[in-house]
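Quick note: the sequence shown uses the UniProt record's numbering, first residue 1, plus one each step. From the three backbone atoms N, C-alpha and C, an ideal C-beta is built for every residue, glycine too.
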Amino acid sequence: MYEGPRELKVIEVPQLPMNEEQIRIKSIYSGVSHGTEMNVYRGLAPFFRKKQDPATRLFVPAAESEVWEYPVRSCAPGVWYMGYASVGEVIETGSKVENVKVGDIVACSAPHQEENVIAAKDAVVLPKSIPAEKGVLFTNLITAYNGIMDTHINLGDTVVVSGLGVIGQLLVQMAKMSGAHKVYGVDVLEKRRKAALENGCDEVFDPTACDVAMEVRKRTSNRGADKVIEASGNARALNEAVRIAAPETTITALAWYQGALSNVDLSEEFHHNRIGIKQSQTGAMDPAFSNLWNYQRRVETCLKLLEELKTDNLFTEFKYDDIPTAYYTIDKEPEKIIQAVITY
1 MYEGPRELKV IEVPQLPMNE EQIRIKSIYS GVSHGTEMNV YRGLAPFFRK
51 KQDPATRLFV PAAESEVWEY PVRSCAPGVW YMGYASVGEV IETGSKVENV
101 KVGDIVACSA PHQEENVIAA KDAVVLPKSI PAEKGVLFTN LITAYNGIMD
151 THINLGDTVV VSGLGVIGQL LVQMAKMSGA HKVYGVDVLE KRRKAALENG
201 CDEVFDPTAC DVAMEVRKRT SNRGADKVIE ASGNARALNE AVRIAAPETT
251 ITALAWYQGA LSNVDLSEEF HHNRIGIKQS QTGAMDPAFS NLWNYQRRVE
301 TCLKLLEELK TDNLFTEFKY DDIPTAYYTI DKEPEKIIQA VITY
């Protein structure tokens, strides 16, 4: 339960009811999102003050009854933002459930709870070849995969991944799989840069120690990067992505930026090099692919990718009762951790 910004505690609630089309899952692992979920934890998410109008798709001031308020419980209806990368064992199924059986290990978008009840159709059964802990990356992998599809990497491209958190680590590997000749990583944190090198990145840069755009120019005969994926969610990093990109190219912004981006400079390279910015996220994908690459096909593809991707150097485990420490570490000591995993 969130009692306020950065105020988190574990509480006991009665067992959740279940209908005939739902399943009950005993949690084994859950992953804490270092981006979206932490923005909610910090009280920065726009939904605390606004809502998106489904007709216009514009954010407008929310009615008093629609504003997010504290305290917030993970088990409350409509609360999707207190954990959505859970893996567990199915311990009960509704009478109409056919796609999942008791004993299955499933990945699902569910909060950090010892038990979760979800619609059976929303569960992704993990094959026995995928370790359960690796399944906590499934939600992030779907997002990262959309980012790769939106980026249109060509054979021989130079790709720069800005932000080497868990999504960045997945992007580095998939960019290589997609035919990139060179993949460069950018992050201020040494632990992330080291992991990216272990995961196949050709070279990494600390943006506080060098001019990354100039370093990329040196390695590309002054062209710049053919593709840049900005996955840090940092305004300064987006500004640097504009500088890193080759003229007449489009940056893929794969992050949920918070508030006005006052550090983004649209007067220099953005204007004169005709740089485009495309937002990519998990809820939609490039219309050029969406017909053939529907959600089910992406699920099947990402399950295969989970078997191949290197992830052993990403996880730091925390016991469920110690979840406040996990959140604190991500928020205040991000240099210590890439993917926090809660164990039950």
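Check                                                                                                                                                         : Outcome
Stretch pair the stretch 263-272 + the stretch 298-308: three plus CB contacts closer than 8 Å                                                                : no
Cβ-based burial, CYS108 [other Cβ within 10 Å; buried from 16]                                                                                                : buried
Beta-carbon contacts of GLY135 that lie in its chain and below 6 Å, excluding the five residues immediately before and after                                  : VAL87, ALA107, LEU126
contact_flag[the stretch 248-261, the stretch 206-218] where n(CB pairs < 8 Å) is 3 or more                                                                   : no
Limits of the alpha helix (DSSP H) - the one that GLY135 falls within                                                                                         : Unbroken run through GLY135: none, as it is neither H nor E.
Closer than 9 Å to chain B by CB, THR36                                                                                                                       : Judged by its chain identifiers, the structure shown contains no chain B, having just a single protein chain.
Within the stretch 13-54, ranges of the alpha helix (DSSP H) (whole runs, at least 4 residues)                                                                : 36-41
Ranges of the alpha helix (DSSP H) found wholly within the UniProt domain "Alcohol dehydrogenase-like C-terminal" (167-284), counting only runs of at least 4 : 190-198, 212-218, 235-244, 269-272
Rounded separation between LYS96 and ALA119 - CA only                                                                                                         : 11 Å
Own chain partners of ILE342 with C-beta closer than 7 Å, once the 5 adjacent residues on each side are dropped                                               : TYR29, SER30, VAL32, HIS112, PHE318, TYR320, ILE323, ALA326
Three-state class that DSSP yields for ALA110 in the structure shown                                                                                          : coil
Where GLY78 sits in the DSSP three-state scheme                                                                                                               : coil
ASP202 versus GLN173, CYS210, PHE289, residue with shortest Cα-Cα distance                                                                                    : GLN173
Own chain, CB closer than 6 Å to LEU238, minus 5 neighbours either side, in chain order                                                                       : GLU230, VAL264
Bridge partner(s) assigned by DSSP for TYR2                                                                                                                   : LEU8, VAL72
Length at least 3, wholly inside the stretch 313-338: the beta strand (DSSP E) runs in chain order                                                            : 315-319
Spatially closest choice to LYS176 from ARG193, ASP187, GLY165, LEU197, by CA coordinates                                                                     : LEU197
Proximity of VAL299 and ALA225 at Cβ, strictly below 9 Å                                                                                                      : no
For LYS336 and ALA166, the rounded distance between their alpha carbons                                                                                       : A small correction: the amino acid at residue 166 is Val; Ala does not occupy that position in the sequence shown. Answer to the nearest angstrom: the Cα atoms are 13 Å apart.
Between the CA atoms of VAL40 and ALA91 - distance to the nearest angstrom                                                                                    : Here the sequence assigns Ile to residue 91, which means Ala is not the residue at that position. If you take the alpha carbons of ILE91 and VAL40, they lie about 30 Å apart.
7 Å Cβ shell around PHE315 - same chain, five flanking residues per side excluded                                                                             : GLU133, GLN339, VAL341
Terminal residues of the beta strand (DSSP E) in which VAL161 lies                                                                                            : 158-162
Endpoints, alpha helix (DSSP H) assigned at PRO131                                                                                                            : From DSSP, PRO131 is part of no alpha helix (DSSP H); its letter is neither H nor E.
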